[in-house]
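Scroll down for the structure; my scribbles are underneath it.
Encoded structure:
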């Protein structure tokens, strides 16, 4: 190791220095997140920290040695060694039913990460640089990496205007309800619009129904706002949103999208 | 078959393309475009993953899982910018 590296070693490593590696993890806490999803907090003593929006690969090993690996977005960020996941059950999946229904506090898992530097957001570090607005668009459990961004924005009291459009089926399907409410009340500017496809709470300003191009266009920052746009959800949700954003005049080459599939 | 995007390959390609493969820019041998792996279209099955250029569909990356080994190919990549 060079002297330079030794000197900077005490500083929290920036993203580029957080090299992904396999880590042993222990389940520190679990709780029901929605009727079909569970929040899982992992204790990962060797975790180097992660940026908002990154993910990890989680590996399960059965007693007979069979292994299955799946990617999960991380709902937390920063330099801590506690990592928050929220896993939605895919009924015919191999891994998610175990994580949602069976995993208990104290269980050991292996995680590979932190992964991904494309679908990430960093708070402004220099007060002189302009705060670029951010538009977040989530479908269902696609909220997980976006909650990390919303929380990082609130914790940093970052001045960038944030908007979140969140499409869910019913009020019970909302992930991270209290975290979103806390962030909306924090000084960092955040507007949240939730679109309910099947049933909305009383007084919801948006009519019940599937997300449409018109609802999308009304809720998101206009194309000329120059926003960083992040879209996360199932592959059909992301493809539809990207198509509509293009039709509404957004530069979809700039949009950062993360799709998840159904093999959970 | 599941259709994803290049973000899904971060774990598989970390050893091949550096610590942050999703921001590595892959120059497509088919159309010459140079985009981050994160925007490529990924087709995943039990055998592994195929990443195709989001512009022209050329196969950029293949990852075949053989037991605990990964066979990584870059058949349609002319250059990788890290």
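Chains as they are written, first to last, in my numbering: chain A, -19 to 244; chain B, 237 to 318.
Glycine included, every Cβ here is placed at the ideal spot set by N, Cα and C.
Residue i: contacting residues in chain A (beta-carbon distance under 8 Å)
i, result
"residue 258 of chain B", "95, 96, 97, 98, 99"
Chain B contact residues for residue i, given Cβ-Cβ distances below 7 Å
i, result
"residue 90 of chain A", "In chain order: nothing, as chain B lies at least about 12 Å away."
"residue 51 of chain A", "244, 247"
"residue 37 of chain A", "247"
Proximity test, Cβ basis, 9 Å: residue i and chain B
i, result
"residue 124 of chain A", "no"
"residue 231 of chain A", "no"
"residue -1 of chain A", "yes"
"residue -17 of chain A", "Residue confidence for residue -17 of chain A is low, a pLDDT of 38 falling below 50, so the modelled location carries little weight; the figure read from the coordinates is stated next. Not closer than 9 Å to any Cβ of chain B, the Cβ of residue -17 of chain A fails to qualify, so no."
"residue 115 of chain A", "no"
"residue -12 of chain A", "Reliability fails at residue -12 of chain A, whose pLDDT of 37 lies under 50, so the model's placement of it is uncertain and the value that follows must be treated cautiously. False, the Cβ-Cβ gap to chain B never drops below 9 Å."
"residue 47 of chain A", "yes"
"residue 221 of chain A", "no"
"residue 10 of chain A", "no"
"residue 218 of chain A", "yes"
Beta-carbon spacing of residue i, residue j below 9 Å
i, j, result
"residue 119 of chain A", "residue 51 of chain A", "no"
"residue 308 of chain B", "residue 262 of chain B", "no"
"residue 129 of chain A", "residue 114 of chain A", "yes"
"residue 24 of chain A", "residue 12 of chain A", "no"
"residue 248 of chain B", "residue 305 of chain B", "no"
"residue 315 of chain B", "residue 298 of chain B", "no"
"residue 277 of chain B", "residue 240 of chain B", "yes"
"residue 236 of chain A", "residue 274 of chain B", "yes"
"residue 270 of chain B", "residue 317 of chain B", "yes"
"residue 27 of chain A", "residue 60 of chain A", "yes"
"residue 91 of chain A", "residue 2 of chain A", "yes"
"residue 281 of chain B", "residue 250 of chain B", "no"
"residue 239 of chain A", "residue 212 of chain A", "yes"
Chain A residues whose Cβ lies nearer than 7 Å to that of residue i
i, result
"residue 265 of chain B", "Near residue 265 of chain B there are no residues of chain A at all, since even the closest Cβ is about 20 Å away, more than 7 Å."
"residue 294 of chain B", "The contacting residues do not exist; residue 294 of chain B stays about 18 Å from chain A at best."
Nearest-angstrom Cβ-Cβ length linking residue i and residue j, presumed shorter than 8 Å
i, j, result
"residue 69 of chain A", "residue 80 of chain A", "4 Å"
"residue 83 of chain A", "residue 7 of chain A", "6 Å"
"residue 66 of chain A", "residue 19 of chain A", "5 Å"
"residue 138 of chain A", "residue 187 of chain A", "Actually they do not touch by this definition, with Cβ atoms about 32 Å apart."
"residue 155 of chain A", "residue 17 of chain A", "7 Å"
"residue 117 of chain A", "residue 145 of chain A", "5 Å"
"residue 201 of chain A", "residue 112 of chain A", "About 11 Å separates the two Cβ atoms, so there is no contact after all."
"residue 251 of chain A", "residue 85 of chain A", "This structure does not reach residue 251 of chain A, given that chain A is present from -19 up to 244, and the question cannot be answered."
Within chain B, the residues that residue i reaches when beta carbons sit closer than 9 Å
i, result
"residue 142 of chain A", "None at all; the shortest Cβ gap to chain B is about 21 Å."
"residue 215 of chain A", "238, 239, 240, 241"
Partner residues on chain A for residue i, Cβ-Cβ distance less than 9 Å
i, result
"residue 274 of chain B", "96, 97, 98, 99, 236, 237, 238"
"residue 317 of chain B", "Within 9 Å Cβ-Cβ: nothing; residue 317 of chain B doesn't reach chain A, min ~14 Å."
Proximity test, Cβ basis, 9 Å: residue i and chain A
i, result
"residue 262 of chain B", "no"
"residue 300 of chain B", "no"
"residue 304 of chain B", "yes"
"residue 311 of chain B", "no"
Cβ pair count under 8 Å reaching 3, the segment 215 to 232 of chain A against the segment 132 to 142 of chain A
No: the two stretches stay apart, fewer than three of their Cβ pairs being nearer than 8 Å.
Tell me, please, whether the segment 86 to 101 of chain A touches the segment 30 to 43 of chain A by the rule of three or more beta-carbon pairs shorter than 8 Å.
They touch, by the three-pair rule.
For the segment 170 to 187 of chain A against the segment 207 to 221 of chain A, are there 3 or more C-beta pairs whose distance is under 8 Å?
Below 8 Å, too few C-beta pairs join the segment 170 to 187 of chain A and the segment 207 to 221 of chain A to call them touching: fewer than three.
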